[in-house]
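Protein chains: 2
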Amino acid sequence: MYIILSLATKMKMLGIDPGFRIAGYSIIECTGNRLSIVDVGVFKMAQGLSIPVRLQLFYDFFNDTIQTHSITALTLETSFMGKNAQNFLKLGYLRGALYLLSQKHSLALHEYAPREIKQIVTGFGGAEKEQVARVLQMLFPKVSLDGLPLDATDALAIALCGVWKML
Amino acid sequence: MYIILSLATKMKMLGIDPGFRIAGYSIIECTGNRLSIVDVGVFKMAQGLSIPVRLQLFYDFFNDTIQTHSITALTLETSFMGKNAQNFLKLGYLRGALYLLSQKHSLALHEYAPREIKQIVTGFGGAEKEQVARVLQMLFPKVSLDGLPLDATDALAIALCGVWKML
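Right, dumping it as structure tokens:
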């Protein structure tokens with residue numbers, strides 16, 4: 001006689017689209033093949049605060065989020081330099097904070113290029129942010145994504161790509 | 168009758184020249200107007216390790232250094248993008264870790280452009296690293312800087328500039 005155990009491992013993926021003014025984030029829970037959105041939103045920081053203070057707030061917010069939700073994995077977009085080199089450097093501060101958090105909490109860390117994330121989520125690597133949001137709404141009809149900032153739906157696409165790549 | 172109190176406040180300045188292979192650092196103690204080198208050297212990381220692991224090692228090393236030596240202030244160079252954008256982004260990870268440490272330990276944080284540091288230490292903003300090292304040796308004749316990597320003497324110049332700017 002054989003006893004077959006269903007090892008439905010639980011994964012809690014945090015997807016983050018970092019920024020010093022507004023950071024999008026989302027948490028997707030995956031039990032077996034069942035996916036559900038645990039949280040999706042944005043973390044905002046006042047522009048009057050210094051960069052070190054905002055970095056600390058960003059670190060503390062995600063440190064709490066990871067602990068509160070027992071996050072097991074983290075997905076980020078790889079970053080490419082835009083027009084402003086100093087903004088690119090500052091993005092490095094935020095990514096550095098997330099790398100430290102991935103080490104502190106022993107999270108699996110995944111990174112995908114923006115084009116790859118759009119390709120996987122919408123089937124088209126050149127999709128606009130609004131198209132990505134529409135596809136996500138179709139994939140998760142029970143959760144209303146209406147009115148969410150695009151930073152939040154971007155983060156949801158990032159987390160979903162991270163989950164699908166792991167399944 | 169007046170009693171004059173000599174308020175010889177003690178400052179312990181940490182200067183850091185961050186890098187993922189080798190990071191230069193130095194500690195200068197300043198009691199009243201008397202300056203002394205407490206430590207100057209480099210922290211090396213094995214290239215085989217991943218970036219998040221090296222970032223954690225870098226963070227832990229300087230967290231320990233700040234605690235062990237009761238550091239009160241931190242000076243860094245401002246950074247400008249060189250030829251490699253990805254190296255510039257990675258430098259952002261290290262600087263982000265140092266910003267977080269400055270917040271955690273309530274350190275005064277100072278940043279000066281490389282040219283300004285050389286100008287202040289040697290009198291010439293375009294000085295070579297070797298010239299900077301020679302001037303530092305003349306300023307601190309009791310400590311042998313011979314054979315130290317230039318990352319270490321760079322960090323000493325950074326700390327010294329930070330101290331002089333505060334006096």
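These protein sequence lines map, in sequence, to chains C and H.
Per this note's numbering, residue 1 is the first one in the first sequence, and the count goes up by one each step.
Per this note's numbering, residue 168 is the first one in the second sequence, and the count goes up by one each step.
Ideal placement from N, C-alpha and C gives every residue a C-beta, glycine not left out.
Under 8 Å, CB to CB, which of the residues in the segment 50-76 of chain C have a partner in chain H? I51, P52, V53, L55, Q56 and Y59
Drop a sphere of 10 angstroms on the beta-carbon of L5(C), count the other beta-carbons inside from all chains shown, and report buried for 16 or more, exposed for fewer. Its pLDDT being 48, under 50, L5(C) is placed unreliably by the model, and the measurement read from it follows with that caveat. Exposed, since its Cβ has fewer than 16 Cβ neighbours within 10 Å.
Which residues in chain C have a C-beta closer than 9 Å to the C-beta of Q270(H)? List them in chain order. Residues of chain C passing the Cβ test: P52, V53, L55, Q56 and Y59.
In three-state terms, what does DSSP make of I195(H)? The three-state reading of DSSP puts I195(H) in strand, counting E and B together.
With H, G and I counted as helix, E and B as strand and the rest as coil, what does DSSP make of T242(H)? strand
Taking DSSP's pairing of strands, which residues face S36(C) in a bridge? E29(C)
List the residues that DSSP assigns as beta-bridge partners of H110(C). T75(C)
Evaluate contact between the segment 23-30 of chain C and the segment 60-71 of chain C, counting only Cβ atoms and requiring at least three cross-stretch pairs below 8 Å. A contact exists between the segment 23-30 of chain C and the segment 60-71 of chain C.
Hey, D146(C) and V42(C): beta-carbon distance below 8 Å or not? no
Simplified DSSP assignment, three categories, for G329(H): helix
Name the two residues that bound the continuous beta strand (DSSP E) containing M138(C). Note, M138(C): premise wrong, no beta strand (DSSP E); alpha helix (DSSP H) at K129 to L139.
What's the gap between the Cα of P240(C) and the Cα of M212(H)? With chain C covering 1 to 167 only, the question about residue 240(C) has no answer from this structure.
Quick one: grab the DSSP three-state call for K83(C). coil
Does E184(C) pass the burial test, meaning 16 or more other C-beta atoms within 10 Å, or should it be called exposed? With chain C covering only 1 through 167, there is no way to say anything about residue 184(C).
Is there a Cβ from chain C that is less than 8 Å from the Cβ of L181(H)? No - not a single Cβ of chain C is within 8 Å of the one on L181(H).
Expressed to the nearest angstrom, what Euclidean distance is found between the alpha-carbon atoms of K118(C) and L101(C)? 26 Å
Specify the secondary structure class of F43(C) as computed by DSSP and reduced to three states. strand
Counting only Cβ pairs nearer than 8 Å, list the residues of chain H close to R95(C). Within chain H, the residues L256, G259, Y260 and G263 have their CB atoms less than 8 Å from the CB of R95(C), given in chain order.
With 16 other Cβ atoms within 10 Å as the buried cut-off, status of M138(C): exposed
Label K374(H) either buried or exposed according to how many other C-beta atoms from any shown protein chain fall within 10 Å of its C-beta, with 16 as the threshold for buried. There is no way to answer for residue 374(H), as the model of chain H reaches only from 168 to 334.
For G182(H), write down the residues that DSSP places opposite it in a beta bridge. S193(H) and T242(H)
For L261(H), which residues in the same chain have their Cβ closer than 8 Å to its Cβ, ignoring the five residues on either side in sequence? The residues are P185, G186, F187, A190, L222 and F225.
Which residues in chain H sit within 9 Å of Y25(C), going by Cβ to Cβ distance? Against chain H, the beta carbon of Y25(C) has no neighbour under 9 Å; the closest one sits roughly 18 Å away.
Under 6 Å Cβ to Cβ from Y112(C), same chain only, skipping five residues before and after it: list those, please. Taking Y112(C) as the centre and dropping the five residues before and after it, the same chain places the C-beta of C161 closer than 6 Å to its C-beta, in chain order.
According to DSSP, simplified to helix, strand and coil, what is S10(C)? Residue identity check: residue 10(C) is Lys in the sequence provided, not Ser. Reduced to three states, the DSSP call for K10(C) is strand.
Measure the CB-CB distance between H236(H) and V207(H) and report whether it falls below 8 Å. no
Does any residue of chain H have a CB that is nearer than 8 Å to the CB of A85(C)? yes
Sort A108(C), H105(C) and A97(C) by Cα distance to Q270(H) and report the nearest one. A97(C)
Check this for me: beta carbons of L258(H) and S246(H), under 8 Å apart or not? yes
Candidates E29(C), A73(C), L148(C) and V132(C): which alpha carbon is nearest P114(C)'s? V132(C)
When DSSP labels each residue in this structure, what does R115(C) get in the three-state scheme? helix
So what's G126(C) in DSSP terms, helix, strand or just coil? coil
Listed by chain order, chain C residues near M248(H) by CB distance under 7 Å: Residues of chain C passing the Cβ test: A85.
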